[in-house]
Amino acid sequence: MATNAILAKEEEMKRTPQPTAALKASEVAVRIKDQTNARRWQAVLARDRALDGTFVFGVSSTGIFCRPSCPSKRPRPENVSFFDHALQAEQAGYRACLRCRPKALDGNPQSALVRAMCRYIEQHIEDRLTLSLLAKEFRRSSFHLQRTFKSVLGVSPKAYIDAVRLRQVKQNLQAGHSVTTALYAAGYGSSSRLYERTATQLGMTPEKYRRGAVAAVVRYTIASSPLGRMLIAATDKGICAIQFADRFADNDQQLLQGLIREFPFAVRRRDDAAMSEWRENLARLIQGQETNPSLPLDIRATAFQRRVWEALQRIPRGETRSYSAVAKKIGMPKATRAVARACATNPVAVAIPCHRVVRQDGELGGYRWGIERKEQLLAMEKQM
Ligand SMILES: [Zn+2]
């Protein structure tokens, strides 16, 4: 049965008759119950699987209770009582049927729905998940979803989303991802705001947390560049961060702090010698002496970030694109803001040229490493 049909049926069962002045409240209640029970009896006769999980029926002659779709012989109507939950039937002295197992979670549409919701949440954890979005996706009312979810799992969908996000962040950090990427990939909206909450959410200090994790080793070097002091960090697989100091200041301490903030759980080792080749390659790239130097990257990204970043790498040197043009290029014309966010979370400045994306009106837009630096970088690229 289609979801809509189930929904319509549930709505129909919930619909209450308009009480008239002639009827007392108790009489109305009896009438509603009679109507509900009449529909439930029809569902039992039809062995309607769609209503499994919405009620059970007890049979007084056997002392057994079943779900509507139970394949056993239909009882006489006068022996049947209806219950909203298996628990109610048990409290009334009935035992669960061994054939249809009305208490088993498998095959119960409520738990199937909740399982589907959990899967959906896990697969879309990068997105802005809300109850109303889930309601639209599962074609149920927010209220129904909330109640069903809570009754099956004991927590609200919101709490479940939070738990999945936190788990994702922990996994990402343990795998050596930067904080920005770990939070982004877990669907947190504002990384800077969330960063402050991370330690408390993890329930322990970063240092303590790290002891339980296999800490990744990040080597780094700090060097001068045409754009001011620059930090390059790498795992054994490739470059994982390229950052600049604020306002062209020769502020190495600030660069180191930035690295610690991005990789709080990594073992950081300064290694100027080992990084020298990449450092020179990057300097040549900035100065336009080489357009395609060897710069292996080891960056973690969501599928969306990866698409945006790949599109950025195809923008030729000396040219710019608008955020909306990039959104169109990756086939998601409405995702302009998400593109801007993916640009803002680019972990490797220059190597992924997020500075080549500007606003539609020709204004430069934002840049993680300062608008002056973006301006200078674009000016240098146009000259050559
Ligand atoms: Zn049964």
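Just add 2 to the spot in the sequence shown (first one is 1) and you have my numbering. All residues carry an ideal CB built from backbone N, CA and C; glycine is no exception.
{"Item": "C-alpha gap between residue 1 and residue 222, whole angstroms", "Value": "An answer regarding residue 1 cannot be provided, because it is not within the stretch 3 to 386 covered by the chain."}
{"Item": "Rounded straight-line distance, which links the Cα of residue 53 to that of residue 350", "Value": "54 Å"}
{"Item": "At least three beta-carbon pairs within less than 8 Å, the stretch 152-166 to the stretch 121-135", "Value": "yes"}
{"Item": "Given 8 Å, three or more beta-carbon pairs between the stretch 112-129 and the stretch 67-84", "Value": "no"}
{"Item": "Minimum C-alpha distance to residue 361 - residue among 339, 374 and 348", "Value": "339"}
{"Item": "For residue 102 and residue 327, the rounded distance between their alpha carbons", "Value": "57 Å"}
{"Item": "Residue 58: first and last residue of the uninterrupted beta strand (DSSP E) it sits in", "Value": "58-61"}
{"Item": "Run of the beta strand (DSSP E) containing residue 233, from where it starts to where it stops", "Value": "232-236"}
{"Item": "Cβ pair residue 180, residue 94 closer than 8 Å", "Value": "no"}
{"Item": "When 320, 68, 357 and 293 are compared against residue 383, the one with the closest alpha-carbon", "Value": "320"}
{"Item": "Contacts around residue 348, its chain only, beta-carbon distance under 6 Å, and the 5 residues preceding and following it disregarded", "Value": "354 and 356"}
{"Item": "Test item: CB-CB of residue 359 and residue 314 under 8 Å", "Value": "yes"}
{"Item": "Length-filtered (4 minimum) alpha helix (DSSP H) runs lying within the stretch 330-375", "Value": "338-346"}
{"Item": "Range covered by the alpha helix (DSSP H) that runs through residue 278", "Value": "278-288"}
{"Item": "Beta-carbon proximity of residue 368 to residue 346, cut-off 8 Å", "Value": "yes"}
{"Item": "For residue 96, three-class secondary structure by DSSP", "Value": "coil"}
{"Item": "Other residues of its chain near residue 377: CB distance less than 8 Å, five sequence neighbours each side excluded", "Value": "366"}
{"Item": "Boundaries (first-last residue) of the beta strand (DSSP E) holding residue 85", "Value": "82-85"}
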